[in-house]
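Notes follow the structure.
Number of protein chains: 2
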Amino acid sequence: MITGKNYIGNQLSSKGTKTYKTFNPELNIENAHVFTEATHEEIEEAVSLASKAFKVYKSISGAEKAAFLNAIADEILALDDTLIQTYCSETGLPEGRAKGERGRTVFQLRSFADLVQEGSWVEASIDTAIPDREPVPKPDLRKMLIPLGPVVVFGASNFPLAYSTAGGDTAAALAAGCPVIVKSHPMHAGTGALVASAIIKAAERTNIPNGVFSNINSSGIEVGAILVKHPKVKAVGFTGSIKGGRALYDMASQREEPIPVFAEMGSINPVVILPEALKKRGATLAKTYAGSITLGTGQFCTNPGLILGIKSASLDAFIEDLSTEIVKMTPSCMLHPNIHGAYNRNKDTAMSQPELQVVADYGSEVKTNYAKQAIVTVKGDTFLNNPKLHQEVFGPFSMVVQCEDETQLEQIIWQLEGQLTGTMISEDNEISNYQNLVSALQNRVGRLIFNGVPTGVEVCPSMVHGGPYPASTDSRFTAVGINAVKRWARPFSYQDWPNSLLPEALKNENPLNISRLVNNVQTKNKI
Amino acid sequence: MITGKNYIGNQLSSKGTKTYKTFNPELNIENAHVFTEATHEEIEEAVSLASKAFKVYKSISGAEKAAFLNAIADEILALDDTLIQTYCSETGLPEGRAKGERGRTVFQLRSFADLVQEGSWVEASIDTAIPDREPVPKPDLRKMLIPLGPVVVFGASNFPLAYSTAGGDTAAALAAGCPVIVKSHPMHAGTGALVASAIIKAAERTNIPNGVFSNINSSGIEVGAILVKHPKVKAVGFTGSIKGGRALYDMASQREEPIPVFAEMGSINPVVILPEALKKRGATLAKTYAGSITLGTGQFCTNPGLILGIKSASLDAFIEDLSTEIVKMTPSCMLHPNIHGAYNRNKDTAMSQPELQVVADYGSEVKTNYAKQAIVTVKGDTFLNNPKLHQEVFGPFSMVVQCEDETQLEQIIWQLEGQLTGTMISEDNEISNYQNLVSALQNRVGRLIFNGVPTGVEVCPSMVHGGPYPASTDSRFTAVGINAVKRWARPFSYQDWPNSLLPEALKNENPLNISRLVNNVQTKNKI
Numbered sequence: 146m147i148t149g150k151n152y153i154g155n156q157l158s159s160k161g162t163k164t165y166k167t168f169n170p171e172l173n174i175e176n177a178h179v180f181t182e183a184t185h186e187e188i189e190e191a192v193s194l195a196s197k198a199f200k201v202y203k204s205i206s207g208a209e210k211a212a213f214l215n216a217i218a219d220e221i222l223a224l225d226d227t228l229i230q231t232y233c234s235e236t237g238l239p240e241g242r243a244k245g246e247r248g249r250t251v252f253q254l255r256s257f258a259d260l261v262q263e264g265s266w267v268e269a270s271i272d273t274a275i276p277d278r279e280p281v282p283k284p285d286l287r288k289m290l291i292p293l294g295p296v297v298v299f300g301a302s303n304f305p306l307a308y309s310t311a312g313g314d315t316a317a318a319l320a321a322g323c324p325v326i327v328k329s330h331p332m333h334a335g336t337g338a339l340v341a342s343a344i345i346k347a348a349e350r351t352n353i354p355n356g357v358f359s360n361i362n363s364s365g366i367e368v369g370a371i372l373v374k375h376p377k378v379k380a381v382g383f384t385g386s387i388k389g390g391r392a393l394y395d396m397a398s399q400r401e402e403p404i405p406v407f408a409e410m411g412s413i414n415p416v417v418i419l420p421e422a423l424k425k426r427g428a429t430l431a432k433t434y435a436g437s438i439t440l441g442t443g444q445f446c447t448n449p450g451l452i453l454g455i456k457s458a459s460l461d462a463f464i465e466d467l468s469t470e471i472v473k474m475t476p477s478c479m480l481h482p483n484i485h486g487a488y489n490r491n492k493d494t495a496m497s498q499p500e501l502q503v504v505a506d507y508g509s510e511v512k513t514n515y516a517k518q519a520i521v522t523v524k525g526d527t528f529l530n531n532p533k534l535h536q537e538v539f540g541p542f543s544m545v546v547q548c549e550d551e552t553q554l555e556q557i558i559w560q561l562e563g564q565l566t567g568t569m570i571s572e573d574n575e576i577s578n579y580q581n582l583v584s585a586l587q588n589r590v591g592r593l594i595f596n597g598v599p600t601g602v603e604v605c606p607s608m609v610h611g612g613p614y615p616a617s618t619d620s621r622f623t624a625v626g627i628n629a630v631k632r633w634a635r636p637f638s639y640q641d642w643p644n645s646l647l648p649e650a651l652k653n654e655n656p657l658n659i660s661r662l663v664n665n666v667q668t669k670n671k672i
Numbered sequence: 146m147i148t149g150k151n152y153i154g155n156q157l158s159s160k161g162t163k164t165y166k167t168f169n170p171e172l173n174i175e176n177a178h179v180f181t182e183a184t185h186e187e188i189e190e191a192v193s194l195a196s197k198a199f200k201v202y203k204s205i206s207g208a209e210k211a212a213f214l215n216a217i218a219d220e221i222l223a224l225d226d227t228l229i230q231t232y233c234s235e236t237g238l239p240e241g242r243a244k245g246e247r248g249r250t251v252f253q254l255r256s257f258a259d260l261v262q263e264g265s266w267v268e269a270s271i272d273t274a275i276p277d278r279e280p281v282p283k284p285d286l287r288k289m290l291i292p293l294g295p296v297v298v299f300g301a302s303n304f305p306l307a308y309s310t311a312g313g314d315t316a317a318a319l320a321a322g323c324p325v326i327v328k329s330h331p332m333h334a335g336t337g338a339l340v341a342s343a344i345i346k347a348a349e350r351t352n353i354p355n356g357v358f359s360n361i362n363s364s365g366i367e368v369g370a371i372l373v374k375h376p377k378v379k380a381v382g383f384t385g386s387i388k389g390g391r392a393l394y395d396m397a398s399q400r401e402e403p404i405p406v407f408a409e410m411g412s413i414n415p416v417v418i419l420p421e422a423l424k425k426r427g428a429t430l431a432k433t434y435a436g437s438i439t440l441g442t443g444q445f446c447t448n449p450g451l452i453l454g455i456k457s458a459s460l461d462a463f464i465e466d467l468s469t470e471i472v473k474m475t476p477s478c479m480l481h482p483n484i485h486g487a488y489n490r491n492k493d494t495a496m497s498q499p500e501l502q503v504v505a506d507y508g509s510e511v512k513t514n515y516a517k518q519a520i521v522t523v524k525g526d527t528f529l530n531n532p533k534l535h536q537e538v539f540g541p542f543s544m545v546v547q548c549e550d551e552t553q554l555e556q557i558i559w560q561l562e563g564q565l566t567g568t569m570i571s572e573d574n575e576i577s578n579y580q581n582l583v584s585a586l587q588n589r590v591g592r593l594i595f596n597g598v599p600t601g602v603e604v605c606p607s608m609v610h611g612g613p614y615p616a617s618t619d620s621r622f623t624a625v626g627i628n629a630v631k632r633w634a635r636p637f638s639y640q641d642w643p644n645s646l647l648p649e650a651l652k653n654e655n656p657l658n659i660s661r662l663v664n665n666v667q668t669k670n671k672i
């Protein structure tokens with residue numbers, strides 16, 4: 146049930162007076178539920194509970210954390226149609242997408258449950274003592290990852306389940322042993338409230354301490370700022386715009402005690418189409434990319450916003466084909482009137498740049514809050530000299546850059562900001578003649594794709610979702626996949642610690658039967 | 146030979162006019178060599194060379210990097226007495242310490258060489274494709290760590306070899322595949338120049354691209370600031386004061402593209418002596434700690450600056466014993482008149498705090514630049530209420546806090562800033578009654594020591610040298626041990642990439658024979 150209240154730990158609370166509603170962009174009406182913004186007192190209480198809960202939660206077993214994460218997944222599934230309908234009513238996204246994203250969310254929770262149940266993720270490392278070493282004895286040292294402390298999570302507007310309340314950041318932080326305070330996304334506050342209730346139910350059912358999870362309502366920026374600046378908060382996860390992520394990063398790094406912020410932000414996901422591929426498969430590629438650009442109304446952080454080729458008759462034909470294909474796509478609803486408004490403004494700004502040609506702009510009337518897809522094209526020189534053309538237009542929009550030659554194409558890649566992905570489209574082994582382009586692109590991205598589309602982010606250990614700034618604020622971590630847990634943990638050493646008092650992961654007997662580095666050998670053996 | 150010039154890549158250069166000399170604190174005279182500060186042009190040239198060299202160096206084999214690192218170790222050893230004498234003349238430290246630190250430096254270089262020669266450090270991970278998966282095919286994803294780009298290293302005054310020019314930060318960054326620009330420490334510019342010449346020789350001997358290493362002279366802060374703000378610099382390593390580290394962190398996080406800074410800074414390394422241990426072994430502990438506090442004239446980042454006990458007759462006796470023992474220690478020289486001056490100022494500030502008792506202050510005359518060791522004591526209340534008492538006094542100084550009871554002791558621990566180490570001194574199993582103290586201490590430190598001293602940092606995989614701020618600016622990494630390489634690398638994914646074009650670490654055939662996570666199983670098998 147959506148109460149419109151905050152979860153301050155396990156307690157529903159609404160001490161404030163400021164309220165807001167979510168919006169149904171498909172119907173272009175406000176939704177009924179009224180959400181009450183958290184007060185300073187409620188925020189303080191949530192942080193205080195999280196800090197207290199951390200003292201217990203940091204040391205509970207992997208099995209207990211796994212039970213909690215699996216229970217969250219179960220409780221989310223138990224929300225059934227209520228969740229799907231609320232999701233759709235707050236996003237304009239279709240039911241199929243809602244169910245797919247719910248599946249991804251549940252899969253992520255269960256993946257982290259498996260990870261902590263198995264236990265080797267703590268990277269246990271043991272160097273046993275050498276008491277008679279000269280000139281000084283070697284002490285016994287044992288290391289493992291431990292959680293950082295309470296984490297604040299800011300969800301993404303475009304993934305109301307998989308990257309929001311119980312999404313990747315929350316699941317990873319809970320797996321690491323960190324309490325989580327979610328700053329609920331105001332555009333899908335109802336979906337968030339339902340998921341929060343599932344988390345609270347799961348916590349109560351699996352005896353997780355009160356305060357390990359809170360859900361804070363807010364439609365503005367002040368509440369988030371209070372949370373990020375709070376001395377008891379130890380890390381921040383964010384998915385959203387460059388402006389928003391950078392603001393949080395700045396607050397966090399200017400604290401007396403700076404804290405890590407992992408913000409996954411904007412990306413235009415450059416796609417390089419090599420000449421032979423253009424010649425042989427231009428028409429097919431145009432179809433494929435028209436689909437990728439408009440998928441989810443272009444509201445993916447991996448949306449291909451920049452297509453790079455070397456000018457040729459084939460490139461001209463591709464641009465024509467892409468323009469033809471994209472206007473064939475059925476327009477769809479955007480997440481919110483604000484996002485729709487921003488799309489139109491940013492598209493207009495892009496389209497009004499000098500020396501730019503609009504080659505496709507969906508002409509027919511569309512429903513309110515529906516996006517009209519568009520394709521523009523510029524010369525390489527124009528792109529190089531106008532940084533405004535490098536900015537993301539969040540929505541079904543892409544720009545084809547016609548480079549003078551390979552040298553200019555390479556120059557453009559080196560000049561790009563950091564990106565989540567880069568794609569190379571190659572005919573057979575053509576790419577082996579363009580290793581300089583691959584090298585340049587690798588330097589700007591977190592993931593390189595061969596002959597595919599950047600949309601679609603597989604959840605698996607080998608996935609990297611992140612990249613050089615501004616794709617993320619710390620390229621040394623991924624936001625997707627089990628390794629995302631590393632963002633919320635730090636290595637910790639025990640020196641000459643009595644075996645009986647060591648955590649299970651580091652005891653001689655290896656009671657958890659985890660893989661450990663023992664005197665430089667990876668093993669599950671006892672000591 | 147010490148030329149006093151900068152190494153801009155492989156070239157000696159001195160275009161500037163501003164010069165400085167190092168100082169022999171033992172003899173209280175300036176050393177003869179004249180060092181020329183780098184100009185803006187030289188800095189630009191070094192960064193530009195590093196950025197160009199990165200394009201090649203990022204992809205060279207582990208074997209080639211290992212040869213380079215081992216050659217650096219060889220060339221440092223080949224400097225022989227010249228290096229040792231220069232080191233002593235610039236630090237006031239004895240020859241034994243110089244040789245010990247050289248041994249550590251060489252060991253670190255060879256450890257990183259072994260790491261990259263073996264190759265598994267890249268954390269290769271492979272998820273093979275499932276083309277017939279429903280509803281969508283699973284792509285092939287392969288991940289490994291790749292280097293960040295040019296790294297600027299600021300060496301430590303107190304480790305002119307092991308944490309300076311070719312120290313832990315430099316060795317780790319070169320191992321990761323990052324070019325390094327060292328901002329030479331002005332207090333040991335001669336030692337730095339000799340080591341830089343060894344690195345350049347090694348680079349030339351092993352065909353490492355020009356620009357992978359530069360050594361920049363500077364006696365002020367401007368040169369460092371230019372380096373940290375330079376868009377082509379991608380990460381920073383620093384060892385030194387909180388003030389210095391924080392200034393660099395702030396510059397780096399305020400860049401248009403923020404970059405990671407790993408600064409290992411101050412620490413007072415709290416030591417908790419439990420009541421039974423005090424009763425049974427107070428006198429022995431006093432001797433041991435008098436040694437640890439004065440080791441290296443107290444100029445270690447792990448120096449025990451804070452000793453915590455619960456008030457009792459045993460604690461009184463310990464304080465008396467420690468006071469007696471510490472004045473028996475022979476005073477020794479500090480690194481530099483500036484450090485000596487700061488020690489005296491900070492000691493005076495600490496000693497002049499209200500409700501503080503000075504129980505030992507070395508009274509006899511000492512040579513110029515020699516430190517007079519001291520012990521002070523305060524009540525728990527006094528310590529809690531005066532943050533000035535929490536600040537590091539870099540030198541042979543320690544404070545004993547007499548806590549009212551266990552509750553107050555725990556409260557004090559929770560209130561401490563982040564620390565590199567925490568130590569628990571326990572009689573037999575006494576510690577098992579104080580798990581709340583252990584839990585609190587763990588939350589504030591990077592390494593917990595049982596019945597030992599914090600001085601002495603073993604170089605091994607299970608070491609963590611780092612900790613919550615301000616022990617370091619990013620507790621998720623260690624500055625000591627092979628895992629320090631992780632600071633300078635980021636994960637990177639290839640999706641559906643042709644096997645023949647993948648880096649060796651990710652090819653089906655596993656030509657490097659490294660350990661990889663293949664479809665969730667850690668193995669050296671081929672695919």
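The listed protein sequences correspond, in order, to chains A and B.
Quick note: the first sequence, position 468, residue 613 per our numbering, numbers continuous.
Quick note: the second sequence, position 462, residue 607 per our numbering, numbers continuous.
Idealized CB from N, CA, C, for every residue including glycine.
For residue i, tell me which candidate among the options has the shortest Cα-Cα distance.
i: B:T439; options: B:P541, B:G525, B:Y152; result: B:P541
i: B:Q502; options: B:N530, B:V378, B:Q547, B:N483; result: B:Q547
i: B:C605; options: A:N574, A:E555, A:N658, A:V666; result: A:V666
i: A:A435; options: A:D461, A:A334, A:M474; result: A:M474
i: B:N352; options: B:V296, B:S329, B:A198; result: B:A198
i: A:N574; options: B:P613, B:V545, B:S645, B:N491; result: B:S645
i: B:V251; options: B:E235, B:V261, B:I221; result: B:I221
i: A:G149; options: A:E209, A:P331, A:T315; result: A:P331
i: B:Q640; options: A:T433, A:V598, A:N628; result: A:V598
i: A:E562; options: A:R632, A:V472, A:N588, A:M479; result: A:N588
If the cut is a Cβ gap below 7 Å, which residues of chain A does residue i touch?
i: B:W642; result: L593, F595
i: B:Y614; result: E402, P403
By Cβ distance below 6 Å, which residues in the same chain neighbour residue i in space, the five residues on each side in sequence not counted?
i: B:K203; result: P292, G322
For a contact defined as C-beta to C-beta under 9 Å, what are the partners of residue i on chain A?
i: B:V609; result: L286, K288, R635, P636, F637, S638
Note down, in chain order, every chain B residue with its Cβ under 8 Å from the Cβ of residue i.
i: A:I271; result: S607
Just the chain B side, please: which residues come within less than 9 Å of residue i by C-beta, in chain order?
i: A:G601; result: V281, P284
For residue i, which residues from the same chain have a beta carbon less than 7 Å from its beta carbon, with the 5 sequence-adjacent residues on both sides left out?
i: B:S510; result: Going by the sequence as given, residue 510 of chain B is Glu instead of Ser. None.
Residues of chain A with a CB under 8 Å from the CB of residue i: which are they?
i: B:D461; result: Simply none; closest approach about 28 Å.
**Study point:** Within the stretch 465-545 of chain A, ranges of the alpha helix (DSSP H) (whole runs, at least 4 residues)
**Key:** At a cut-off of 4 residues, the continuous stretches assigned as alpha helix (DSSP H) that sit fully inside the stretch 465-545 of chain A are 482-496, 525-530.
Review point. Are the stretch 283-301 of chain A and the stretch 635-651 of chain A in contact at 8 Å, needing three or more beta carbon pairs?
Key: Yes, the stretch 283-301 of chain A is in contact with the stretch 635-651 of chain A.
Check your understanding: Given 8 Å as the limit, is there contact between the stretch 157-169 of chain B and the stretch 229-244 of chain A, that is, 3 or more CB pairs closer than that?
Key -> Here the stretch 157-169 of chain B does not lie against the stretch 229-244 of chain A, with fewer than 3 beta-carbon pairs under 8 Å apart.
**Study point:** Contained alpha helix (DSSP H) runs [length at least 4] in the stretch 418-452 of chain A, N- to C-terminal order
**Key:** The stretch 418-452 of chain A contains these whole alpha helix (DSSP H) runs: 420-439.
Exercise for review: Taking only runs that begin and end inside the stretch 548-617 of chain B, name each unbroken alpha helix (DSSP H) of 4 or more residues, in chain order.
Suggested key: Scanning the stretch 548-617 of chain B for uninterrupted alpha helix (DSSP H) segments of 4 residues or longer gives 551-560, 580-589, listed from N- to C-terminal end.
Check your understanding: In chain order, which alpha helix (DSSP H) runs of at least 4 residues are fully inside the stretch 181-237 of chain B?
Key -> Qualifying alpha helix (DSSP H) stretches, in chain order: 185-202, 207-223, 225-236.
Point to revise | Start-end ranges of the beta strand (DSSP E) lying completely within the stretch 354-416 of chain A, minimum 3 residues | key: The beta strand (DSSP E) runs lying completely inside the stretch 354-416 of chain A and spanning 3 residues or more are 358-361, 380-384, 406-409, given in chain order.
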